[in-house]
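Below: one structure, written as structure tokens.
Written as structure tokens, this is what we have:
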């Protein structure tokens, strides 16, 4: 890099070839002190994108980029706007198909009516972004929100107040993305962010408080109404645990007590355990054929299992219908 070149070097290692200006030794595009409000900024940006130049780290705060076209008919070309600062920029109606906005700041940016199909928004700051009428097919949102990742890091560092603020921002973003995706018919993605919203809210609660414990329990049981697999997994776990307890405490089948007998052979004990599994299933589902009955402490286990079974089956129906009715 020459002395006259911009000193910006992006996280990907890309250097900026533009000429530096001022004491900051940054170019026009990377200097945060330079306003991007001049009317020619959009056409200049389009020209640079058309040339294949990386636009990584460009500072475009508050820029008027309405109807900006960064596609130019080439659907295979991905314009690199990663780590760019587009906070409060107006990108209304912009053609941003396949654009890379990884790590970019879209704080309160206006993207209403823009085409963001196939765009990469992983690790982008989406706080307050406007997405009304925005095309969002096959967008790469990333597994974690930027604020979520930062909140967990600050929490580990012991900065509790800062972490709580970030968790609150992550909750707000998740709520917004839930509404945005569900309005587009992306119900699975909307459900994912609804689940994340509830987790972010729980993270703001006092650890091991009654509210935290209740929220955690609902998450474990059904993922806040979004995960039928958790209900099934919980139900299977209850059935297996109760089956083992019946095997230890004993049940009566065909006028004989079925119970663990260390002196009997392996085959005998396995068959008795399968009988207890059968009894556990019919008890959980409250079928109760009557061919196997509990004795002793198994009666208390059966009563508890039947109660949990009624609750779990009802919960599964509610969660399943909720997802199917979307």
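In the working numbering, the protein residues as written are 17 to 342.
We put the CB at the ideal spot given by N, CA and C, even for glycine.
Contact between residue 163 and residue 185 holds, with the beta-carbon distance rounding to 4 Å and staying under 8 Å.
In the three-state reduction of the DSSP assignment, residue 337 falls in the helix class.
In the structure shown, the three-state DSSP call for residue 28 is coil. Taking all protein chains shown into account, residue 214 has 16 or more neighbouring C-beta atoms within 10 Å of its C-beta and is therefore buried. Looking at the backbone, the Cα of residue 293 and that of residue 113 are separated by about 55 Å. Rounded to the nearest whole angstrom, the CA to CA distance from residue 94 to residue 61 is 14 Å. Listed as beta-bridge partners of residue 141 by DSSP are 121.
Annotation: the continuous alpha helix (DSSP H) that includes residue 65 extends over 57-66.
Residue pairing by DSSP places residue 96 opposite 116 in a beta bridge. Using a Cβ distance threshold of 7 Å, residue 274 and residue 302 do not count as a contacting pair. Excluding its 5 nearest sequence neighbours in each direction, residue 139 has C-beta neighbours in its own chain below 7 Å: 118, 119, 158, 162, listed in chain order. According to the DSSP secondary-structure assignment, residue 310 is paired through a beta bridge with 267.
The alpha-carbon separation between residue 194 and residue 137 amounts to approximately 15 Å.
For residue 194, the enclosing alpha helix (DSSP H) begins and ends at 176-199. Sequence-distant partners of residue 242 (beyond 5 residues in either direction) whose C-beta falls short of 8 Å from its own C-beta, in its chain, are 207, 208, 210, 211, 335, 339. The beta carbon of residue 72 is closer than 6 Å to those of 26, 30, 96, 98, 99 in its chain, skipping five residues each way along the sequence. The C-alpha of residue 279 lies about 14 Å from the C-alpha of residue 287. Residue 82 sits away from residue 38, with the two beta carbons spaced by 7 Å or more.
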